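Student:
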Amino acid sequence: MKRKLLLFWLLLWLPSLSLAQPWTWQNPLPQGNTLYGTQFVNTSTGFAVGDAGTILKTTNGGTSWTRLTSGTDNQLAAIHFVDASVGYAVGAEGTILKTTDAGTNWTNQHTEPSMELWSVHFADASVGCAVGGASSGLGSSILWTTNGGTIWTTQTAGTLNPLHSVFMVSGSTALAVGVSGTVLVTTNGGGTWSNQSSGTPNTLYAVCFTSANTGCIVGDGGVILKTTNGGMSWTSQTSGTFNTLQSLHFVGANTAFAGGSFGTVLKSTNGGTTWLSQTSGTMSSFYSVHFVDANTGHAVGDLGTILTTTNGGTVWSAQSSGPTSSLQSIFFFDPSLAWVVGDLGIVLKTTNGGTNWISQPSGMTNLLQSVFFTDVNTGYAVGDAGTIIKTTNGGVAWSSLTSGVTEWLFCVCFPPSGTGNIGYAVGYNGTILKTSNGGTNWATQTSGTTRQLSSVFFLDADVGYAAGGDSYGANGAILKTTNGGTNWTIQHVEPLAMIWSIAFTDANTGYAVGSDGHMLKTTNAGTNWAVLTSPTDMWLYSVWFANSSTGYAVGDGGTIVKTTNGGSSWTVLSSGAANQFTATRFSDINVGYVVGSGGAILKTATGGATSVEEGKVRSLPMEFLLLQNYPNPFNPTTNIGFQIPSLGFVSLKIFDVLGREVLTLVNEAKEPGEYSVQFDGGSLSSGVYLYRLVVGPFSQTKRMLLVR
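FYI, the numbering for the sequence shown is 413 to 1120, going by the working numbering.
(1) With DSSP as the reference, label serine 548 as helix, strand or coil.
(2) Can you give, in chain order, each stretch of the beta strand (DSSP E) that sits fully within the region 817-864 and has at least 3 residues?
(3) Could you name the residues that DSSP lists as bridge partners for tryptophan 769?
(4) Determine which residues share a DSSP beta bridge with glycine 1099 and list them.
(5) For a quick check, are the C-beta atoms of phenylalanine 957 and threonine 917 less than 8 angstroms apart?
(6) Can you give the beta carbon distance from tryptophan 751 to serine 774, rounded, assuming they're within the 8 angstroms contact cut?
(7) Going by DSSP, what residue range makes up the beta strand (DSSP E) through leucine 488?
(8) Count the CB pairs spanning the region 688-697 and the region 659-668 that are closer than 8 angstroms, and state whether there are at least three.
(9) For threonine 720, count neighbouring Cβ atoms within 10 angstroms of its own Cβ and tell me buried if that reaches 16, exposed if not.
(10) Mind checking whether threonine 717 and threonine 694 have CB atoms under 8 angstroms apart?
(11) Name the one or two DSSP bridge partners that threonine 721 has.
(12) If I measure Cβ to Cβ from threonine 722 and keep anything under 7 angstroms in the same chain, skipping five residues before and after, which residues do I get?
(13) Given a threshold of 16 other Cβ atoms within 10 Å of its Cβ, counted over all protein chains shown, does leucine 572 qualify as buried or as exposed?
(14) Please say whether valine 973 and phenylalanine 993 have beta carbons closer to each other than 8 angstroms?
(15) Cβ of isoleucine 1052 within 8 angstroms of Cβ of lysine 1082?
(16) Among the candidates Glu1073, Thr1076, Val1062, whose CA atom is the shortest distance from the CA of valine 1106?
(17) Would you list the residues sitting across from glutamine 395 in a DSSP beta bridge?
(18) Taking a contact to mean a Cβ-Cβ separation below 8 angstroms, would you say valine 635 touches asparagine 607 in this structure?
(19) Once DSSP output is grouped into helix, strand and coil, what is the label at alanine 464?
(20) Sorted by chain position, which residues of the same chain lie with C-beta nearer than 6 angstroms to serine 1111's C-beta, five sequence neighbours on each side aside?
(21) Where does threonine 814 land, buried or exposed, given buried means 16+ other C-beta within 10 angstroms?
(22) I'd like to check one pair, serine 737 with glutamine 781: are the Cβ atoms closer than 8 angstroms?
(23) With glutamine 731 as the anchor, note down where its beta strand (DSSP E) starts and where it stops.
(24) What do you get for isoleucine 770, buried or exposed, if any count of 16 or more other CB atoms within 10 angstroms of its CB means buried?
(25) Three or more C-beta pairs under 8 angstroms: does that hold for the region 507-521 against the region 470-487?
(26) Between threonine 639 and glycine 627, is the Cβ-Cβ spacing less than 8 angstroms?
(27) Distance, Cα to Cα, serine 866 vs phenylalanine 579?
(28) Using a Cβ-Cβ cut-off of 6 angstroms (strictly less than) and excluding sequence neighbours within five positions of alanine 837, which residues of its own chain qualify?
(29) Roughly how many angstroms separate the alpha carbons of valine 1003 and glycine 583, rounded to a whole number?
(30) Determine the extent of the beta strand (DSSP E) in which glutamine 781 is found, giving its start and end residues.
(31) By Cβ distance, which residues of its chain are closer than 8 angstroms to leucine 1059, with the 5 residues on each side in sequence left out?
(32) Return the CA-CA distance between phenylalanine 1046 and alanine 995, expressed in angstroms with no decimal places.
(33) Is the separation between the beta-carbon of leucine 1118 and that of glycine 1099 shorter than 8 angstroms?
(34) Considering just the uninterrupted stretch of the beta strand (DSSP E) at alanine 618, what are its terminal residues?
(35) What is the DSSP secondary structure of alanine 501, reduced to helix, strand or coil?
(36) Excluding the five sequence neighbours on either side, which residues of its own chain have a C-beta within less than 6 angstroms of the C-beta of glycine 835, listed in chain order?
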């Protein structure tokens, strides 16, 4: 068996987050990442984990939650506490995190990019097991520890089926379940695993035992299995549902709860023999249920859903709030006043910088794709099936306008100069519409293309641009008009990319983004477009510049990228979210919003990164911290910041990806404070490098990308 030691070069690959959260969730609340695991250590204190490295903690029984710093952007799929202080979280890329101070700090114990971990369970403070699959999709993973996670040993599963759940019956006996009805049992501390017949081909998602012999399994299609002989044989129980069951928890020998898709919650009071459905009040899927006692329990799931019951599941109350319809567009008139639109005709408005978002009835059930206001009262939104709606009272009421088309409309824009009556909308099959009377009438213009047009941007009453392509990610094009849309010409074709968004900072300088991280820039009013070096291969759906230098683009998987030099280089920002971001707008270089799937609205007041105002008196740091280098990627210089709370000998070194030392930047004693060191990679080849800060027992490592 191969021993998974806490190797230095594995630690180096830990993705990192700064301790401060540069992006704050405004909807849903407390956050919108899907949650996959939860556990309460007592009636007051509990934890939940999920997408984008999310770890939440509550100390008041779930009434409010605080996001903890996990140190990773990887999905976290499960959490297990052995006592009130010591806990573990596991997830993507073989991530295993451990805390010994009730979640205040988390240390990385294991990383393996080819491995996915979906469950972790401990028999006592020392002996535990984590299981999962392979990143490739085929294969199983089993890790075993006998020293509280200091060393994790890879076990031979004897199956290629991914494993979704593990339960430690004792320090030597454990069961793991997974795909195709797989049930594995070990009775010798993970040395060997035997495959037991479950009697079902369905995927099994959770296993829980109440004694050495008695336990249950739940899974796909409402499957519930029970054993009374330690897993040697299993009997099917009637669940009363065909919904997928993802979670199982016993409170004592008799009372059990199972949670699953479409808000399914089941309860048993006779050890899992019979089950009754409970009303959860939601259609969100539950991935984890946990009960402190027979009455008090919690369930977590899709898009940050958190529910609590205090009467054994008879009534469930939501601890999370806010609409979760996908949001497609945002427009703000000033830093305080903004509107958002999206799926099912949703319109949200804020008048206090996003502290509160108020729903406004649009009268529509169609998907609204874009919103634009010409003043604080007059606004327009466009969407599916040729939908165009208008408000003249700040969104209090909306009226439907006649577009004359049935094509989906993706973007609406009114030129900044003029009376506010001239506007444009673009959509499928090269559709371009123009109004000259505030939306009363819309005339079709000849675009010269049948491509989907996803974005339109006008500099003035005459000069405008439209962009699009094929929605599967090719045949991109940029169109231009110089006479208010009377004539449109194709300026640029991008055969291998779809262009989703276009924006200009002045008459000559513009940017476009699209599929596979594609980024373009023009400096001559669109005559030529140059491909920019993109830091991501994620699809980008929106680009916006706060001034001539500072711009942002957003896209799939919570991607946010930023430039401060007019697109010459871009830095990936940590959003703390995994949602698809569909739109972004900034009122200045610091204050901005992103919106997206699952009702996501996030705001930054620091330009998307942690900052300290210059010229202000700074208090001494309270903790050790190594900051992400900036810019990143870089060529050839970048700045590395760190802070120390007390006098100490500081070592800051650069390594290559094999762990070989490249350069020492700092190697001396330093007083408490904040420091920044410039690193010049001019003599190095392009690639990933790592930098490590060591101060006494503290050490932290981050990675950076040199692009030559």
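Beta carbons: idealized from backbone N, C-alpha and C, even for Gly. It should be emphasised that the depicted structure is a prediction, and the values quoted were computed from it without experimental measurement.
Tutor: Walking through what the data contain:
(1) Taking the first residue of the sequence shown as 1, we reach residue 548 at position 136. In the structure shown, serine 548 sits in coil (DSSP, three-state: anything other than H, G, I, E or B).
(2) For the region 817-864, whole beta strand (DSSP E) runs of length 3 or above, ordered along the chain, are 821-825, 835-839, 844-847, 855-857.
(3) Taking the first residue of the sequence shown as 1, we reach residue 769 at position 357. Its beta-bridge partners do not exist; DSSP assigns none.
(4) Indexing the sequence shown from 1 puts residue 1099 at position 687. DSSP, once it has assigned bridges, lists Leu1118 as partnering glycine 1099.
(5) Mapped onto the sequence shown, residue 957 falls at position 545. Mapped onto the sequence shown, residue 917 falls at position 505. Pairing phenylalanine 957 with threonine 917 gives a Cβ-Cβ distance under 8 angstroms.
(6) Residue numbering aside, residue 751 sits at position 339 when the sequence shown is read from its first letter. Residue numbering aside, residue 774 sits at position 362 when the sequence shown is read from its first letter. Contact doesn't hold; Cβ gap of about 11 angstroms is too wide.
(7) Along the sequence shown, read from residue 1 onward, the residue named residue 488 stands at position 76. Here the beta strand (DSSP E) through leucine 488 covers 488-493.
(8) In the pairwise beta carbon analysis, the region 688-697 is classified as not touching the region 659-668: fewer than three pairs are separated by under 8 angstroms.
(9) Here the question's residue 720 lines up with position 308 in the sequence shown. Buried: at least 16 other Cβ atoms inside 10 Å.
(10) Taking the sequence shown and counting its residues from 1, one reaches residue 717 at position 305. Taking the sequence shown and counting its residues from 1, one reaches residue 694 at position 282. Taking 8 angstroms as the cut-off, the Cβ atoms of threonine 717 and threonine 694 count as close.
(11) By one-based count along the sequence shown, residue 721 stands at place 309. Residue pairing from DSSP places threonine 721 in a beta bridge opposite Gly709.
(12) Start at 1 with the first residue of the sequence shown, and residue 722 comes out as number 310. The answer, listed in chain order, is Asn707, Thr708.
(13) Position 160 of the sequence shown, counted from the first residue, corresponds to residue 572. When all chains shown are included, leucine 572 counts as exposed.
(14) Against the sequence shown, residue 993 aligns to sequence position 581. Against the sequence shown, residue 973 aligns to sequence position 561. At the C-beta level, phenylalanine 993 and valine 973 stay beyond 8 angstroms of one another.
(15) The residue given as residue 1052 occupies position 640 in the sequence shown. The residue given as residue 1082 occupies position 670 in the sequence shown. Contact flag unset, no.
(16) Here residue 1106 corresponds to residue number 694 of the sequence shown, with the count starting at 1. Selected option, being the one with the closest Cα: Val1062.
(17) Residue 395 cannot be examined here, being either before or after the span of the chain that is shown, 413 to 1120.
(18) Your numbering for residue 635 matches position 223 in the sequence shown. Your numbering for residue 607 matches position 195 in the sequence shown. Taking 8 angstroms as the cut-off, the Cβ atoms of valine 635 and asparagine 607 do not count as close.
(19) The residue labelled residue 464 in the question sits at position 52 within the sequence shown. The answer is helix: DSSP assigns alanine 464 an H, G or I state.
(20) The residue labelled residue 1111 in the question sits at position 699 within the sequence shown. Taken in chain order, the list of residues that qualify is empty.
(21) Stepping through the sequence shown from its first residue, residue 814 is reached at position 402. By the neighbour-count rule (16 or more Cβ atoms within 10 Å), threonine 814 is not buried but exposed.
(22) As a working mapping, residue 781 is identified with position 369 in the sequence shown. As a working mapping, residue 737 is identified with position 325 in the sequence shown. Going by C-beta atoms, glutamine 781 is not nearer than 8 angstroms to serine 737.
(23) One-based indexing of the sequence shown puts residue 731 at position 319. Looking at the DSSP string, glutamine 731 is not in any beta strand (DSSP E), and its letter there is neither H nor E.
(24) What you label residue 770 is simply residue 358 of the sequence shown in a count that begins at 1. Isoleucine 770 should be labelled exposed.
(25) Segments in contact, yes.
(26) What you label residue 639 is simply residue 227 of the sequence shown in a count that begins at 1. What you label residue 627 is simply residue 215 of the sequence shown in a count that begins at 1. Contact flag set, yes.
(27) In the sequence shown, counting from the first residue as 1, residue 866 sits at position 454. In the sequence shown, counting from the first residue as 1, residue 579 sits at position 167. Straight-line Cα distance between these residues: approximately 50 angstroms.
(28) Residue mapping note: residue 837 aligns to position 425 of the sequence shown, counting from 1. Only Val794, Leu821, Val824, Leu845 meet the Cβ criterion.
(29) Sequence index remark: in the sequence shown, residue 1003 carries index 591 (1-based). Sequence index remark: in the sequence shown, residue 583 carries index 171 (1-based). Valine 1003 and glycine 583 have their C-alpha atoms spaced approximately 52 angstroms apart.
(30) Counted from its first residue, the sequence shown places residue 781 at position 369. Where glutamine 781 is concerned, the enclosing beta strand (DSSP E) stretches over 780-785.
(31) By 1-based counting over the sequence shown, the position of residue 1059 is 647. Cβ within range, chain order: Ala1081, Lys1082, Glu1083, Pro1084.
(32) Start at 1 with the first residue of the sequence shown, and residue 1046 comes out as number 634. Start at 1 with the first residue of the sequence shown, and residue 995 comes out as number 583. In a straight line, the C-alpha of phenylalanine 1046 is about 26 angstroms away from that of alanine 995.
(33) Reading the sequence shown from its first residue, position 706 is the one you call residue 1118. Reading the sequence shown from its first residue, position 687 is the one you call residue 1099. If you check the CB distance, leucine 1118 and glycine 1099 come in under 8 angstroms.
(34) Taking the first residue of the sequence shown as position 1, residue 618 is located at position 206. Start and end: 616-621.
(35) The sequence position of residue 501 within the sequence shown is 89, counting from 1. Reduced to three states, the DSSP call for alanine 501 is strand.
(36) Translated into positions along the sequence shown, residue 835 becomes position 423. These residues qualify, in order along the chain: Phe826, Thr847.
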